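Student:
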Amino acid sequence: MGVTIRSTNNSKRYKRALEKLGKKEIKVGIFGEDNYEYGNNADLVTIAGVHEFGTTIVPKKAQFLTIPLVPEAKNKRASDFPDLKAIGLEDGSGVLARVNGDKIEPVFALLKSVTIPERSFIRTGFDNNVDKIGDKIDMLFTEVIELNIDPDVFTDMIGMEFAGMIQRHARTVSSPPNAASTRNVKGSSNPLHDTGRMIGAIRHEVE
1 MGVTIRSTNN
11 SKRYKRALEK
21 LGKKEIKVGI
31 FGEDNYEYGN
41 NADLVTIAGV
51 HEFGTTIVPK
61 KAQFLTIPLV
71 PEAKNKRASD
81 FPDLKAIGLE
91 DGSGVLARVN
101 GDKIEPVFAL
111 LKSVTIPERS
121 FIRTGFDNNV
131 DKIGDKIDML
141 FTEVIELNID
151 PDVFTDMIGM
161 EFAGMIQRHA
171 RTVSSPPNAA
181 STRNVKGSSN
191 PLHDTGRMIG
201 AIRHEVE
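Set out below in structure tokens:
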């Protein structure tokens with residue numbers, strides 16, 4: 001009776017898997033090619049940076065910033081409302097309003113500057129979930145080493161799950177809250193959620 005002996009030495013395959021894994025880099029966040037078209041020149045990366053670190057916005061070409069005060073003014077320019085009149089500019093700020101006799105309906109606030117407070121969601125999302133994703137890496141790493149999971153599949157799985165964790169965290173951010181006027185226009189109390197595009201743009205890349 002013949003005997004066949006097969007080698008089960010997978011050391012070379014293990015080495016290749018480790019080398020392949022060692023060259024991988026997982027990035028999670030909002031990336032520059034995600035262009036944000038919202039009726040202005042701001043892109044998603046800029047919007048995310050404003051929320052992440054906070055900033056003060058001042059008008060570039062006009063005397064005042066026009067801040068919507070009613071839902072119908074959302075995403076609109078003051079020039080879209082030809083019937084508005086400026087009121088209260090003597091104090092350095094005021095409103096653009098519809099005036100009908102004694103009735104005054106403010107549509108836009110006129111401000112010299114607006115300060116957006118820091119509402120970190122990328123950094124805090126990372127900090128709050130890094131241990132969880134570390135546990136997931138530990139759980140699956142043996143499967144990669146034993147060649148049950150391809151390194152490409154592994155890194156894609158980890159990146160996708162981490163991006164999902166940060167998205168979920170961003171939806172829970174509630175402080176500092178929006179001003180009452182902002183909540184009225186948005187119809188939402190979550191300071192990071194308006195159309196959902198920014199949070200939805202949080203994703204991963206593997207290089």
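Quick note on full-length UniProt numbering: the sequence shown kicks off at 1 and runs consecutively. We treat Cβ as the ideally placed atom computed from N, Cα and C, and that holds for glycine. The model shown is predicted, which means the values in this text are computed figures rather than measured ones.
1) For residue 44, count neighbouring C-beta atoms within 10 Å of its own C-beta (all shown protein chains included) and say buried if the count is 16 or more, exposed if not.
2) Look at the alpha carbon of residue 158 and the alpha carbon of residue 199, and state the distance between them as a whole number of angstroms.
3) With DSSP as the reference, identify every bridge partner of residue 204, one or two as the case may be.
4) Pick out the complete alpha helix (DSSP H) segments inside the segment 155 to 204, 4 residues or longer, and give them in chain order.
5) Rounded to whole angstroms, what's the CA-CA distance from residue 88 to residue 123? Just pull it up for me.
6) If you count every other CB in all the chains shown that lies within 10 Å of the CB of residue 57, and 16 or more means buried, which is it?
7) Using 8 Å as the threshold, is the segment 117 to 132 in touch with the segment 95 to 103, meaning 3 or more CB pairs across them?
8) Cα-Cα, which of 118, 147, 156 and 117 is closest to residue 211?
9) Since I believe residue 65 is in contact with residue 114 (beta carbons under 8 Å), could you give me their beta-carbon distance rounded to a whole number of angstroms?
10) Tell me the DSSP bridge mates of residue 20?
11) Leaving out the 5 sequence neighbours to the left and right, which residues in its chain are closer than 7 Å to residue 204 when beta-carbon positions are compared?
12) Helix or strand or just coil, what does DSSP make of residue 137?
13) Quick one: using the 10 Å Cβ neighbour count with 16 as the cut-off for buried, is residue 53 buried or exposed?
14) Would the segment 140 to 148 and the segment 67 to 79 be scored as touching if the rule is three or more Cβ pairs under 8 Å?
Tutor: Inspection of the coordinates gives the following:
1) On the sequence shown, position 44 is the one that residue 44 refers to. Residue 44 comes out buried.
2) Here residue 158 is taken as the residue at index 158 of the sequence shown, counted from 1. Here residue 199 is taken as the residue at index 199 of the sequence shown, counted from 1. One C-alpha to the other measures close to 18 Å.
3) Here residue 204 is taken as the residue at index 204 of the sequence shown, counted from 1. In the DSSP output, where bridge partners are listed per residue, residue 204 has 28.
4) 180 to 186 and 197 to 200
5) In the sequence shown, counting from the first residue as 1, residue 88 sits at position 88. In the sequence shown, counting from the first residue as 1, residue 123 sits at position 123. Going from the Cα of residue 88 to the Cα of residue 123 covers about 41 Å.
6) For the purposes of this step, residue 57 is taken as residue 57 along the sequence shown, with counting starting at 1. The residue is exposed, with fewer than 16 neighbouring Cβ atoms inside 10 Å.
7) no
8) An answer regarding residue 211 cannot be provided, because it is not within the stretch 1 to 207 covered by the chain.
9) By 1-based counting over the sequence shown, the position of residue 114 is 114. By 1-based counting over the sequence shown, the position of residue 65 is 65. The pair is a contact, with the Cβ atoms about 6 Å apart (cut-off 8 Å).
10) Position 20 of the sequence shown holds residue 20. Paired residue(s): none; residue 20 is not in a bridge.
11) Counting from 1 along the sequence shown, the entry for residue 204 is found at position 204. Correct list, in chain order: 26, 27, 28, 159, 160, 162 and 163.
12) To locate residue 137, count along the sequence shown from 1; it is residue 137. Reduced to three states, the DSSP call for residue 137 is helix.
13) Start at 1 with the first residue of the sequence shown, and residue 53 comes out as number 53. Burial call: exposed.
14) no
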